[in-house]
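Single-structure report; data block below.
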Amino acid sequence: AEFKKGPKPYTARYVGSMVADIHRTLLYGGIYLYPADNKSPKGKLRCLYEGIPMAMITEQAGGIASTGMFEGKIQRVLDLIPDAIHCKCPILMGGKRDLQVVYDQYKKAGIETPEL
533 AEFKKGPKPY TARYVGSMVA DIHRTLLYGG IYLYPADNKS PKGKLRCLYE
583 GIPMAMITEQ AGGIASTGMF EGKIQRVLDL IPDAIHCKCP ILMGGKRDLQ
633 VVYDQYKKAG IETPEL
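Numbering (my numbering), first residue to last: 533 to 648.
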């Protein structure tokens with residue numbers, strides 16, 4: 533039998549429940565992405581009761597919780613200061629190695645990224 537070395541290729545998995553999707557990401561690795569786009573420039577997930585609580589759990593587990601490129605910069609979700617109860621934010625969460633893949637793509641595009 534021949535075994536490939538290195539990380540497994542990424543595949544798409546989506547349960548539809550943020551808690552279940554983050555749980556799977558923490559257990560098995562990978563990246564949870566819910567970025568901003570043209571239709572939802574501030575993202576779709578609510579900061580106060582989705583993004584920030586799951587960011588706390590992700591970071592306590594040793595992972596990274598980022599907004600990706602949002603409002604002109606990349607920042608930690610836990611550094612966001614919500615301006616309303618239902619305000620929204622984009623989310624990128626996962627292990628450091630996995631988020632480095634995303635940050636490397638930002639760097640290739642000339643976007644400054646924080647150190648992991």
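All C-beta atoms, glycine included, are put in the ideal place defined by N, C-alpha and C.
The three-state secondary structure of Gly583, taken from DSSP, is helix. Burial state of Pro573 is exposed, judged by a 10 Å Cβ sphere holding fewer than 16 other Cβ atoms. Under the DSSP definition of a beta bridge, Ala616 lacks any partner.
Boundaries for Ala544: no alpha helix (DSSP H) harbours it, and the DSSP string shows neither H nor E there.
Pairing Cys621 with Thr599 gives a Cβ-Cβ distance under 7 Å. Taken atom to atom, the span from the alpha-carbon of Tyr546 to that of Leu624 is near 14 Å. Each of Tyr635, Tyr560, Leu559 and Pro567 was checked against the Cα of Glu603, and the nearest Cα belongs to Pro567. Excluding five sequence positions before and after Gly594, the CB atoms of its chain that fall closer than 8 Å to its own CB belong to Gly627 and Lys628, given in chain order.
Rounded to whole angstroms, the Cβ separation of Ile584 and Leu612 is 7 Å, and the two are in contact under 8 Å.
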